[in-house]
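Undergrad: Have a look at the structure that comes next, please.
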Amino acid sequence: MTETATRPTPDTTVSEADVVVVGAGFSGLYLLHRLRGQGFRVVVFEAGDGVGGTWYWNRYPGARVDVKSMEYSFSFDGELQQEWEWTEKYPPQEELLRYVNHVADRFDLRKDIRLETRVTEAVWDDEDARWMVRTDRGDQVSAAHVIMATGCLSTSKVPEVPGLETYTGRWYHTGHWPKEGVDFTGQRVGVVGTGSSGVQSIPLIAEQAAHLTVFQRTPNFVIPAHNHPIDPEHQRSVKAAYDEHRQAARESGFGIAVPVATKAALEASEEERTALYERAWHDPDNSLVTFLTGFTDMITDREANDTAAQYVRDRIAEIVHDPEVARMLQPTDHPFGTKRPCLGTNYYETFNRPNVRLVDVRRDPIAEITTKGLRTGTEEFEFDALVFATGFDAMTGSLTAVDIRGRDGRSLREVWAAGPRTYLGIQVAGFPNMWTITGPGSPSVLSNMMVSIEQHVEWVSDAIAALRDEGLATMEPDQDAQDGWTRHVDEVGHMTLYPSANSWYMGDNVPGKPRVFMPYIGGVGPYRQKCDEVVSNGYEGFVRRPMRVAAGMS
Ligand code: NAP
């Protein structure tokens, strides 16, 4: 693997590009490759000192993808998908980072990527029909297009409790883990948060630390991951029919090819339901969505959903020895799947360890971080290290972190003050030639991200190439189309149980964030079909203008 060249001295002159891509994760890399192939001059800015996005930053113990490797990988290049050998059902972060770096080298991407450079501002100039992009290193790039490939879960957040600056131990956020790793041997450790990152890291931290205290606000549904090495024969057989597997994923609901349910849980007998849940729990080949896709009514009917939820609660009671701890771990306040379900390895078992304690901070919230640890309403704790597995300002956080100004200087932050509004999760009215990969209003986080990323990268790069080829200069959503899509995303979301939970899907984890169901739950397959129809109908719902009309528009 070669490292990307060190950054040249900052250049304060304005350079030119056709496209600026923000972020060098999976989206940014594929965008660079594809747009280059279409003849565009592309510059990619990346805040990290390496490529990989999510898989660059999330190095916490146990970090691994929870979509199967054979599905969570690029399909755009036949040779790439044939030559790369995955080692596990769910590969660890190190392997995913190796894969990302392999992609960067294989397609010679590094020369157009500026590392350790954060985009701070993007301002649209209606006269020139160009964006001026500025970075924290003083770069100024004038570009016809800006593509935000910033990821849905990349702006990490620590709890809004006072005192962190006074804490004298070491503290970490799972989403920004030190590259050199952390050795907790012999330490008293506190972990705050029991979402996917907490669920993956807690069992491993517990094995290493002298003592671990887990602060849980909401118990999550955690299904056994059954991670295992990939059988080479299985890998060969998937690769032999890779195109069919990939196509099935593209046409599926969640971007994961699983059989489509035909029966409602409430129509099934108790034996049928239990048989399905037993398979979903015990089958080593199960997947994240097995419970959700087993019956037709799992995400729309509370009673149906509760049959699965109760199944999981019963398993927790069987695994966890102390009935009071088991009760604390049993989720009762939200339907199964309405907060992102987790896959775990020895998660519930960890709470049987003598060196692990679970504290319910819903009942007794964290009041303050102290110099030595933290204090809840009733108790004081001392730690050598604190780990925040407290998640992200999801979906919009990394977009609004950049000062993006569209037509008439309107800021994206202000335009989205009451919640994100997009057309197809791809563009925002009033922000011509600005594109979001897996933006709010698209299936994004409710899907296998690789499937959604590839679809958006291909759709967006083709839209930009079509503009150029047709002699057009700008593209943005028609206001009515955007309003209609935003309504549709909300309506479909409210046909499900999702809005009934406090979740980051709804913005609930960020105080003051408007409560809006941000991803599109209509399904990856139907969504792709809609995007394709928009193109066949001449980019229906978008306004595309030639240069001379674009200039001076208000
Ligand atoms: P998360 O799901 O948002 O979980 C954050 C946890 O921190 C929640 O348990 C939350 O409680 C808790 N928390 C936040 N603020 C708190 C406070 N002030 N006091 C006490 N507890 C607090 O974040 P995450 O685990 O990093 O996961 C985010 C998403 O990233 C996942 O849902 C998934 O989509 C993705 N992810 C995927 C993988 C994978 O593929 N394997 C791994 C990690 C992450 P509440 O629930 O009460 O808010």
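Sequential numbering from 412 applies to the sequence shown in the numbering used here. Cβ coordinates follow ideal geometry from the N, Cα and C atoms, glycine included.
Tell me whether N920 counts as near the ligand NAP, meaning its Cβ is closer than 7 Å to at least one heavy atom of that ligand.
TA: Stepping through the sequence shown from its first residue, residue 920 is reached at position 509. For the ligand NAP, at least one heavy atom lies less than 7 Å from the Cβ of N920.
Undergrad: Which first and last residues belong to the beta strand (DSSP E) in which A554 is found?
TA: Along the sequence shown, read from residue 1 onward, the residue named residue 554 stands at position 143. Element bounds for A554: Q551 to M559.
Undergrad: Using only CA atoms, which one of R726, D696, G748 and H693 lies nearest to D712?
TA: The residue you call residue 712 lines up with position 301 of the sequence shown. Minimum Cα distance to D712 is reached at G748.
Undergrad: State the CB to CB distance for the pair G586 and F437, rounded to an integer number of angstroms; the pair is presumed to be in contact (CB under 8 Å).
TA: Residue mapping note: residue 586 aligns to position 175 of the sequence shown, counting from 1. Residue mapping note: residue 437 aligns to position 26 of the sequence shown, counting from 1. No, G586 and F437 are not in contact; Cβ-Cβ is about 16 Å, not under 8 Å.
Undergrad: Does the segment 901-911 come within contact of the segment 734-743, defined as at least 3 CB pairs closer than 8 Å?
TA: The segment 901-911 is not in contact with the segment 734-743.
Undergrad: When burial is assigned at 16 or more other CB atoms within 10 Å of the CB, is G489 buried or exposed?
TA: Taking the first residue of the sequence shown as 1, we reach residue 489 at position 78. Exposed is the call here.
Undergrad: What is the rounded straight-line gap between the Cα of I780 and the Cα of R768?
TA: On the sequence shown, residue 780 is found 369 positions in, with the first residue counted as 1. On the sequence shown, residue 768 is found 357 positions in, with the first residue counted as 1. Roughly 18 Å between the two C-alpha positions.
Undergrad: Put M412 into one of helix, strand or coil per three-state DSSP.
TA: Position 1 of the sequence shown, counted from the start, is the residue given in the question as residue 412. With a pLDDT of 36 at M412, under the threshold of 50, the predicted position of this residue should be treated as unreliable, though the coordinate-derived value follows. In the structure shown, M412 sits in coil (DSSP, three-state: anything other than H, G, I, E or B).
Undergrad: Heavy atom of the ligand NAP less than 7 Å from the Cβ of P570, yes or no?
TA: Position 159 of the sequence shown, counted from the first residue, corresponds to residue 570. Because some heavy atom of the ligand NAP lies under 7 Å away, the Cβ of P570 counts as near it: yes.
Undergrad: Does the beta-carbon of S426 have 16 or more other beta-carbons within 10 angstroms, so that it is buried, or is it exposed?
TA: Sequence index remark: in the sequence shown, residue 426 carries index 15 (1-based). When all chains shown are included, S426 counts as exposed.
Undergrad: What I want to know is whether the C-beta of I667 ends up closer than 7 Å to one or more non-hydrogen atoms of the ligand NAP.
TA: The residue you call residue 667 lines up with position 256 of the sequence shown. No - the ligand NAP has no heavy atom lying nearer than 7 Å to the Cβ of I667.
Undergrad: For G448 and H622, I'd like the C-alpha separation in whole angstroms.
TA: Start at 1 with the first residue of the sequence shown, and residue 448 comes out as number 37. Start at 1 with the first residue of the sequence shown, and residue 622 comes out as number 211. Straight-line Cα distance between these residues: approximately 53 Å.
Undergrad: Between G850 and the ligand NAP, is there a pair consisting of the residue's CB and a ligand heavy atom that are separated by less than 7 Å?
TA: Along the sequence shown, one-based indexing puts residue 850 at 439. Checking the Cβ of G850 against the ligand NAP gives no.
Undergrad: Under 8 Å by Cβ, that's how I've got Y501 and A636 pegged, so tell me the actual separation to the nearest angstrom.
TA: As a first step, residue 501 must be located in the sequence shown, where it is residue number 90. As a first step, residue 636 must be located in the sequence shown, where it is residue number 225. Rounded, the Cβ-Cβ distance is 6 Å, consistent with contact.
Undergrad: At which residues does the alpha helix (DSSP H) containing H905 begin and terminate?
TA: Residue mapping note: residue 905 aligns to position 494 of the sequence shown, counting from 1. Note, H905: alpha helix (DSSP H), Q890 to H905.
Undergrad: Straight-line CA distance for S484 to Q866?
TA: What you label residue 484 is simply residue 73 of the sequence shown in a count that begins at 1. What you label residue 866 is simply residue 455 of the sequence shown in a count that begins at 1. If I take the Cα positions, the gap works out to 13 Å.
Undergrad: Any idea which residues DSSP pairs D814 with across the strands?
TA: Position 403 of the sequence shown, counted from the start, is the residue given in the question as residue 814. For D814, which the question treats as bridged, DSSP gives the partners E532.
Undergrad: Less than 8 Å between the C-beta atoms of F953 and E887, yes or no?
TA: Residue numbering aside, residue 953 sits at position 542 when the sequence shown is read from its first letter. Residue numbering aside, residue 887 sits at position 476 when the sequence shown is read from its first letter. Against a cut-off of 8 Å, the Cβ pair of E887 and F953 comes out as a contact.
Undergrad: Hey, how far is the Cα of T833 from the Cα of D894?
TA: By one-based count along the sequence shown, residue 833 stands at place 422. By one-based count along the sequence shown, residue 894 stands at place 483. Those two C-alpha atoms are separated by around 8 Å.
Undergrad: Let me make sure I understand the geometry here. Which of V557, E527, A892 and D537 has the alpha-carbon closest to that of G549?
TA: Along the sequence shown, one-based indexing puts residue 549 at 138. Out of V557, E527, A892 and D537, E527 has the C-alpha closest to the C-alpha of G549.
Undergrad: On the criterion of 16 or more Cβ atoms from any shown chain inside 10 Å, does H353 qualify as buried, or is it exposed?
TA: Any question about residue 353 goes unanswered here, given that the chain covers just 412 to 965.
Undergrad: Spatial neighbours of V534 within its chain, please: CB distance less than 6 Å, with the 5 preceding and 5 following residues excluded, ordered by chain position.
TA: What you label residue 534 is simply residue 123 of the sequence shown in a count that begins at 1. M543 and R816, listed in sequence order.
Undergrad: Run the CB neighbour count on M412, radius 10 Å, all protein chains shown included, and call it buried at 16 or more, exposed below.
TA: Here residue 412 refers to the residue found at position 1 of the sequence shown. With a pLDDT of only 36 at M412, under 50, the local geometry of the prediction cannot be trusted, and no value is derived from it.
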